[in-house]
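Below you'll find the structure, written out as structure tokens, and then a few comments.
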Amino acid sequence: MNKLSIVANLKSYKTESEAKEWLEKLKTGLNNEDFIKEKELIVCPSYTLLHQFKTFFSENNLNIKLGGQNISQFSEGAYTGEVNAKQVKEFADYTLIGHSERRTHFNEDDDILSQKIKLARENGLNTIFCVQGSDAFVPEGVNILAYEPVFAIGSGNPDTPDNADNVARELLEKHSGISILYGGSVTSENVNSFVSKENISGVLVGGASLEAEELIQIVKNA
Ligand code: PGA
């Protein structure tokens, strides 16, 4: 991952019609613009929207990658309500794993997260693994790490760029060959202060990505 990465986590937001409006705005803002060529934009919508997003990006020749927000800890089988890695891979090249909201609300622990990383890898998905600090457990085979301190998520209170860079450096010392993203209250106003740091290769954006115009501005300013 050499290009700067902007990962948009749409969380559990947007119906099909809301997504259509968002996609149209994104297309208008990004089409034929040079700034997108130097950056990699990865959008992670809900499972129900993956087909719509994939079709839209391909029909409009938009060079935007897709990611899932999660995968099942199980392969295909009798697991009602689950969406497995093989199913996500039909639409996406990436998946988030271990977001703090998954850890907190769905009790995902290190064993479960290791299993998810293994299944993602076996099915050809690149993994963006979220951690809250440099001492965090990181399963074998993770491709990208996102440092997301819980206090900064959705709070409007981001970590300082200096501290985020320090954590990123410590993570790189422990896990060589992995790219590090920063996430937590990233906006178009502060994005550059993070991505200009030596050890930070991109950002993971939640709330601010829900407005297409703001996401475009983040990509532009990064
Ligand atoms: P936020 O969320 O940008 O709304 O703080 C980041 C995330 O949860 O990945």
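Its first residue numbered 15, the sequence shown is counted upward by one per residue in my numbering.
Positions of the beta carbon are idealized from the N, C-alpha and C atoms, including for glycine.
Starting from the C-beta of residue i, find all residues in its chain whose C-beta is less than 8 Å away, skip the five residues before and the five after it, and write them out in chain order.
i	result
Ile-131	Ile-111, Thr-141, Phe-143, Pro-153, Glu-154, Gly-155, Val-156
Ser-26	Ser-60
Asn-18	Per the sequence shown, residue 18 should be read as Leu rather than Asn. Once the five neighbours on either side are set aside, the close Cβ partners of Leu-18 are Glu-52, Lys-53, Glu-54, Val-209, Ser-215, Gly-216, Ala-236.
Taking 6 Å as the cut-off, is the beta-carbon of residue i closer than that to any non-hydrogen atom of ligand 2?
i	result
Ile-167	Summarising the ligand content, the structure contains ligand 1 and does not contain ligand 2.
Would residue i be called buried (16 or more neighbouring beta carbons within 10 Å of its own) or exposed?
i	result
Asp-123	exposed
Gly-198	buried
His-119	exposed
Gly-138	exposed
Asn-45	exposed
Ser-128	buried
Glu-247	Residue 247 cannot be examined here, being either before or after the span of the chain that is shown, 15 to 236.
Output needed for residue i: all residues of its chain with C-beta closer than 6 Å, excluding positions within five of it in sequence on either side, in chain order.
i	result
Ile-158	Ile-142, Ser-193
Met-15	Confidence at Met-15 is low in this model, with a pLDDT of 48, below 50, so its placement is unreliable and the value that follows should be read with caution. So the list reads Ser-193, once near-sequence residues are dropped.
With a threshold of 7 Å on Cβ separation, who are the neighbours of residue i within its own chain once the five nearest residues in sequence on each side are excluded?
i	result
Phe-105	Leu-64, His-65, Lys-68, Leu-80
Glu-212	Asp-179
Arg-183	Asn-213
Glu-90	Asn-98, Lys-100
Look at residue i and residue j and say whether their C-beta atoms are less than 7 Å apart.
i	j	result
Leu-37	Phe-70	yes
Pro-43	Ile-230	Correcting the residue type first, residue 43 is Gly in the shown sequence and not Pro. Yes.
Glu-73	Ser-86	no
Using a Cβ-Cβ distance under 7 Å, would residue i count as near chain B?
i	result
Ala-92	Annotation note: the requested chain B is absent from the structure, which comprises a single protein chain.
Exercise. What are the complete alpha helix (DSSP H) segments, minimum 4 residues, inside the segment 63 to 114?
Worked result: Taking only runs of at least 4 residues, the alpha helix (DSSP H) segments lying wholly in the segment 63 to 114 are 64 to 73, 99 to 103.
Problem set entry | Inside the segment 163 to 235 only - beta strand (DSSP E) runs reaching at least 3 residues | Taken in chain order, the whole beta strand (DSSP E) runs of length 3 or more contained in the segment 163 to 235 are 193 to 197, 216 to 219.
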